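Chemist: Residue numbering for the sequence shown is 48 to 507, as defined by the working numbering.
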Amino acid sequence: MDKHIAVFTFPYSSHPALLLTLTRRLAAAAPTAVFSFFNIEKSNNLLFANLNCENILRYDVSDGIPDDYVFVGKPQEDVNLFLAVAEEELRKGVRVAEMDTGLKVSCLVVDAFFSFAADMAEETNIPWVAFWTAGACSLSAHLYTDLIREKCAPLVDGGSAGSDEEIADLIPGLEPVRLSDLPSGVVFGNLKSPFSIMLHKMGTTLSRATAVPINSFQELDPHLTKNLSSKLNNFLNIGPFHLISKEKTKTPIKLDDEFSCISWLDNQKPSAVAYICFGTVFTPPPHELVELAEALEESKTPFLWSINQKSNKHLPNGFLERITVNGTGKVVPWTPQDQVLNHVAVGVFVTHGGWNSVLESVGAGVPMICRPFIGDQHINSWMVERVWGIGSRIEGGNFTKRATRSAFEQVFSWSKSRNEKIEALKDLAHKAVAPNGSSDENFKTLVDVVTGSKVISNFF
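1. Please report the straight-line C-alpha distance between lysine 248 and serine 162, rounded to a whole angstrom.
2. Where does alanine 508 sit, in a helix, a strand or coil, going by DSSP?
3. Could you give the first and the last residue of the continuous beta strand (DSSP E) run that contains serine 83?
4. For the alpha helix (DSSP H) holding tryptophan 311, just list the boundary residues, first then last.
5. Which residues bound the beta strand (DSSP E) around leucine 155?
6. Could you give the distance in angstroms between the alpha-carbon of asparagine 492 and the alpha-carbon of leucine 406?
7. Could you pull the DSSP bridge partners for aspartate 107 from this structure?
8. Helix, strand or coil: how does DSSP classify serine 240 here?
9. For the alpha helix (DSSP H) that serine 428 lies in, which residues bound it at each end?
10. Go to threonine 398, then tell me how far its alpha helix (DSSP H) extends in each direction, as first and last residue.
11. Quick check on the DSSP output: the beta strand (DSSP E) that includes lysine 360 runs from which residue to which?
12. Give every residue of the same chain whose Cβ lies closer than 6 Å to the Cβ of tryptophan 352, excluding the five residues on either side of it in the sequence, and list them in chain order.
13. Would you give the residue range spanned by the beta strand (DSSP E) that serine 461 belongs to?
14. So, under 8 Å CB-CB, leucine 226 and valine 234 are touching, yes? Tell me the CB distance rounded to an integer number of Å.
15. Buried or exposed, going by whether 16 or more other CB atoms sit within 10 Å of the CB of serine 207?
16. Buried or exposed: valine 117, going by 16 or more other Cβ atoms within 10 Å of its Cβ?
17. How about phenylalanine 242 and glutamine 123: do their beta carbons lie closer than 8 Å?
18. Taking serine 187 as part of the alpha helix (DSSP H), name the residues at either end of that continuous run.
19. Run the CB neighbour count on isoleucine 421, radius 10 Å, all protein chains shown included, and call it buried at 16 or more, exposed below.
20. So, helix, strand or coil for threonine 298, using DSSP?
21. Just reading off the alpha helix (DSSP H) that lysine 491 is part of, what are its end residues?
22. Cβ atoms of valine 176 and leucine 190: under 8 Å apart, would you say?
23. Methionine 167 bridges to which residues according to DSSP?
24. Which residues does DSSP list as the beta-bridge partners of histidine 51?
25. Given a threshold of 16 other Cβ atoms within 10 Å of its Cβ, counted over all protein chains shown, does arginine 440 qualify as buried or as exposed?
26. Does the Cβ of glutamate 488 have 16 or more other Cβ atoms within 10 Å, making it buried, or fewer, making it exposed?
27. Can you tell me whether asparagine 314 is buried or exposed, with buried defined as 16 or more other CB within 10 angstroms of its CB?
28. Please classify glycine 443: does DSSP put it in a helix, a strand, or coil?
29. Taking just the CA atoms, how far does glutamate 170 sit from alanine 64?
30. Helix, strand or coil for alanine 133? Go by DSSP, reduced to three states.
31. Once DSSP output is grouped into helix, strand and coil, what is the label at cysteine 100?
32. With burial defined as no fewer than 16 other Cβ atoms inside 10 Å of the residue's Cβ, what is the status of lysine 473: buried or exposed?
33. What does the alpha-carbon distance come out to for the pair threonine 296 and isoleucine 87?
34. I'd like the list of long-range same chain contacts for phenylalanine 350, defined as Cβ closer than 7 Å, with 5 residues on each side in sequence excluded.
35. Give me the residue from Lys316, Ser453, Thr330, His289 with the minimum Cα distance to tryptophan 402.
36. For methionine 146, count the other beta carbons within 10 Å of its own beta carbon; 16 or more makes it buried, fewer makes it exposed. Which is it?
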């Protein structure tokens, strides 16, 4: 082994899986390099259960939770405990990995959240690669947080602009956006929380990174990409990740279908089914579940709904029995989402607007109805509706029977030109990850940065 790359992941949500996916791609492209992957034990146990890659080494770091700690239900309690020890744990982990391998770390590949990596890289004069797991829109909001706060201060303090009023030129490279659609911690929310402080510091530090790869494709956001490329070194769109493996094998990856979702879809009409899923973390409150279920029944919209089984008790009385008898819908605790979205029967994706779900929907050419909850979901949903024109958001921000039925009617009656728009984006996404596509070429650049094959000047 001739190179040693240290990889630091933010150990929550989808971050570890995405960074391990990137690490595996880099490890395959650089077989003579060793990659030390740092993560908390609980997350690593899931990620490495079936992983066999000789040049990726697993390292567990502390989650910062004392043995006798009792959670009291504070927001982001586990995250805050980890952030308090993250830098110390990762610095200590690097020393251990260097002793184990006999190689000094030659590059840091780090979740962009960890701005302290800038100092670590500068201390040893090595490249720092800051990986952003989401889209260019949310990254821009954090990169320009100070500018946004400066522009909004007179409006917010003076009460002359509501959170739902569109403001032009708020984010360079982006069309008018509402304050309420900015990620929490930019203008609204607890700006003094450890998480908000972390994101703000990230935005002011990213220009020091040697490269900033993101899980997207540049044709999706050409104006944002142009602007970010002028502010950041080697700003590289290298996704969508979920399409990479398909491109390499040229065949869809077969996944388990424990609940017979695909066979159920096989019996539905083309583009007639609403697929509903809010990820593994988010579930609408009980009253919204009732409104959504009643809208589905009254509109007679065929649907496949992936929902945590514990939430079934909040559905209307007799709902599950009725849909089983009449065959109009199917409620399951899990679906093979990529296969479902690519099924000819699916006509719309009802989603929380998480970045991975948005990319999967774009990659399948399926329009979206978005009901965002937190984080980047609001600005992602804004992009879906107002910028890309490939879906809509639930009116009022919450599921009501009227708003839900209206959203279904709107999307299912889309004009040919609207459908052509999402098909065009689907085609661009697939071309981006194909050989010599934009994401493929950007990944080659990233490999050069990580392995030191590309001479980089002015790291910081």
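For each residue, glycine too, the CB sits at the ideal point set by N, CA and C.
These numbers were taken from a predicted model, which means no experiment stands behind them.
Modeler: In short, the structure shows the following:
1. Here residue 248 refers to the residue found at position 201 of the sequence shown. Here residue 162 refers to the residue found at position 115 of the sequence shown. The straight-line gap from Cα to Cα measures roughly 7 Å.
2. Because the chain in this structure spans residues 48 to 507, residue 508 falls outside the shown range and cannot be described.
3. Counted from its first residue, the sequence shown places residue 83 at position 36. Its beta strand (DSSP E) spans residues 80 to 87.
4. Position 264 of the sequence shown, counted from the start, is the residue given in the question as residue 311. Taken as a continuous stretch (DSSP letters only), the alpha helix (DSSP H) holding tryptophan 311 covers 308 to 313.
5. On the sequence shown, residue 155 is found 108 positions in, with the first residue counted as 1. Unbroken beta strand (DSSP E) run through leucine 155: 154 to 158.
6. Here residue 492 refers to the residue found at position 445 of the sequence shown. Here residue 406 refers to the residue found at position 359 of the sequence shown. The question names asparagine, but residue 492 is threonine in the sequence shown. Near 22 Å, if we compare the C-alpha coordinates of leucine 406 and threonine 492.
7. In the sequence shown, residue 107 corresponds to position 60, counting from 1. Answer is Asn86.
8. Taking the sequence shown and counting its residues from 1, one reaches residue 240 at position 193. Of the three classes helix, strand and coil, the one that applies to serine 240 here is coil, per DSSP.
9. Reading the sequence shown from its first residue, position 381 is the one you call residue 428. Here the alpha helix (DSSP H) through serine 428 covers 424 to 429.
10. Mapped onto the sequence shown, residue 398 falls at position 351. Boundaries around threonine 398 are those of the beta strand (DSSP E), 393 to 398, since no alpha helix (DSSP H) includes it.
11. Residue mapping note: residue 360 aligns to position 313 of the sequence shown, counting from 1. Looking at the DSSP string, lysine 360 is not in any beta strand (DSSP E), and its letter there is neither H nor E.
12. Sequence index remark: in the sequence shown, residue 352 carries index 305 (1-based). Here the set comprises Ile323, Val378.
13. In the sequence shown, the residue the question calls residue 461 occupies position 414. Per the sequence shown, the amino acid found at residue 461 is tryptophan instead of serine. Here tryptophan 461 belongs to no beta strand (DSSP E), and DSSP marks it neither H nor E.
14. Here the question's residue 226 lines up with position 179 in the sequence shown. Here the question's residue 234 lines up with position 187 in the sequence shown. Between valine 234 and leucine 226 the Cβ distance is about 6 Å, and since that is below 8 Å, they are a contact.
15. Taking the sequence shown and counting its residues from 1, one reaches residue 207 at position 160. Here the model assigns serine 207 a pLDDT of 49, short of 50, so the residue's position is not dependable, and the following value carries that caveat. The residue is exposed, with fewer than 16 neighbouring Cβ atoms inside 10 Å.
16. For the purposes of this step, residue 117 is taken as the residue at position 70 of the sequence shown. Classification of valine 117: exposed, given that the 10 Å Cβ count is below 16.
17. Locating residue 242 in the sequence shown gives position 195, where the first residue counts as 1. Locating residue 123 in the sequence shown gives position 76, where the first residue counts as 1. At a Cβ-Cβ threshold of 8 Å, phenylalanine 242 and glutamine 123 count as neighbours.
18. The residue labelled residue 187 in the question sits at position 140 within the sequence shown. Under the DSSP assignment, serine 187 falls in the alpha helix (DSSP H) whose first and last residues are 183 to 190.
19. By one-based count along the sequence shown, residue 421 stands at place 374. It counts as exposed.
20. Looking up residue 298 in the sequence shown gives position 251. Low confidence applies here, because threonine 298 scores a pLDDT of 49, under 50, leaving its location unreliable; read the following figure in that light. Coil.
21. As a first step, residue 491 is located in the sequence shown; it is residue number 444 there, counting from the start. Segment 485 to 498, the alpha helix (DSSP H) holding lysine 491.
22. Walking along the sequence shown from the start, residue 190 turns up at place 143. Walking along the sequence shown from the start, residue 176 turns up at place 129. No. Outside cutoff.
23. The sequence position of residue 167 within the sequence shown is 120, counting from 1. Answer by DSSP bridge pairing: none, since methionine 167 is not bridged.
24. As a working note, residue 51 is residue 4 in the sequence shown. Histidine 51 is bridged by DSSP to Val81.
25. On the sequence shown, position 393 is the one that residue 440 refers to. A residue is called buried once 16 or more other Cβ atoms fall within 10 Å of its Cβ, and arginine 440 is buried on that count.
26. Position 441 of the sequence shown, counting from 1, holds the residue named residue 488. Exposed.
27. Position 267 of the sequence shown, counted from the start, is the residue given in the question as residue 314. Counting Cβ neighbours within 10 Å, asparagine 314 comes out exposed, since fewer than 16 surround it.
28. As a working mapping, residue 443 is identified with position 396 in the sequence shown. Three-state DSSP puts glycine 443 in a helix.
29. Within the sequence shown, residue 64 is the residue found at index 17, counting from 1. Within the sequence shown, residue 170 is the residue found at index 123, counting from 1. For alanine 64 and glutamate 170, the distance between alpha carbons rounds to 29 Å.
30. What you label residue 133 is simply residue 86 of the sequence shown in a count that begins at 1. The answer is helix: DSSP assigns alanine 133 an H, G or I state.
31. Along the sequence shown, read from residue 1 onward, the residue named residue 100 stands at position 53. Coil.
32. As a first step, residue 473 must be located in the sequence shown, where it is residue number 426. By the neighbour-count criterion, in which a residue is buried when 16 or more other Cβ atoms sit within 10 angstroms of its Cβ, lysine 473 is buried.
33. By 1-based counting over the sequence shown, the position of residue 296 is 249. By 1-based counting over the sequence shown, the position of residue 87 is 40. Reliability fails at threonine 296, whose pLDDT of 47 lies under 50, so the model's placement of it is uncertain and the value that follows must be treated cautiously. Taking the straight line from one Cα to the other gives about 32 Å.
34. Numbered from 1 along the sequence shown, position 303 holds the residue referred to as residue 350. Once the five neighbours on either side are set aside, the close Cβ partners of phenylalanine 350 are Val320, Ala321, Ile323, Leu343, Gly376.
35. Within the sequence shown, residue 402 is the residue found at index 355, counting from 1. Restricting attention to Lys316, Ser453, Thr330, His289, the CA atom closest to the CA of tryptophan 402 is found in His289.
36. The sequence position of residue 146 within the sequence shown is 99, counting from 1. The residue is exposed, with fewer than 16 neighbouring Cβ atoms inside 10 Å.
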